[in-house]
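Add 17 to the 1-based position in the sequence shown for our numbering, that's all there is to it. Glycine included, each C-beta is placed from N, C-alpha and C at the ideal position. If you're wondering where the values come from, they're calculated on a predicted model, not measured in any experiment.
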Amino acid sequence: MWGGAALWRFSKYLIAAEVAAFGAAYYVWHKMNVSQDYRRHMHENYPYILELFYRTAEMGQIKDARPNDYRAWGILGNTDTDSGTGSS
Numbered sequence: 018m019w020g021g022a023a024l025w026r027f028s029k030y031l032i033a034a035e036v037a038a039f040g041a042a043y044y045v046w047h048k049m050n051v052s053q054d055y056r057r058h059m060h061e062n063y064p065y066i067l068e069l070f071y072r073t074a075e076m077g078q079i080k081d082a083r084p085n086d087y088r089a090w091g092i093l094g095n096t097d098t099d100s101g102t103g104s105s
């Protein structure tokens, strides 16, 4: 169906698209990682992406990003990172 040249050209475009998508994802991740203002923008416009950021960051070493952001933004809610502890 496809000749060798057409398949090779398609493969190059596919790899270029994947590299571009990875670069864009890394750019957004890095910007969210270093800028609380950008996280606020994401909270207001793309909350599902910010939720993915928080969940991924909490699996790593950034455990206090969500509570710090919520405190800075004046958002009420569960900002306790140790949800299993507390007074009864």
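For SER28, the enclosing alpha helix (DSSP H) has its first and last residue at 21-51.
Taking the Cα positions, ARG56 is about 30 Å away from ILE32.
Around the beta carbon of ARG26, fewer than 16 other beta carbons sit within 10 angstroms, so the residue counts as exposed. The alpha-carbon separation between TYR71 and VAL36 amounts to approximately 24 Å.
Around the beta-carbon of ARG83, 16 or more other beta-carbon atoms lie within 10 Å, marking it buried.
In the DSSP annotation of this structure, the continuous segment of the alpha helix (DSSP H) that includes TYR87 starts and ends at 82-90.
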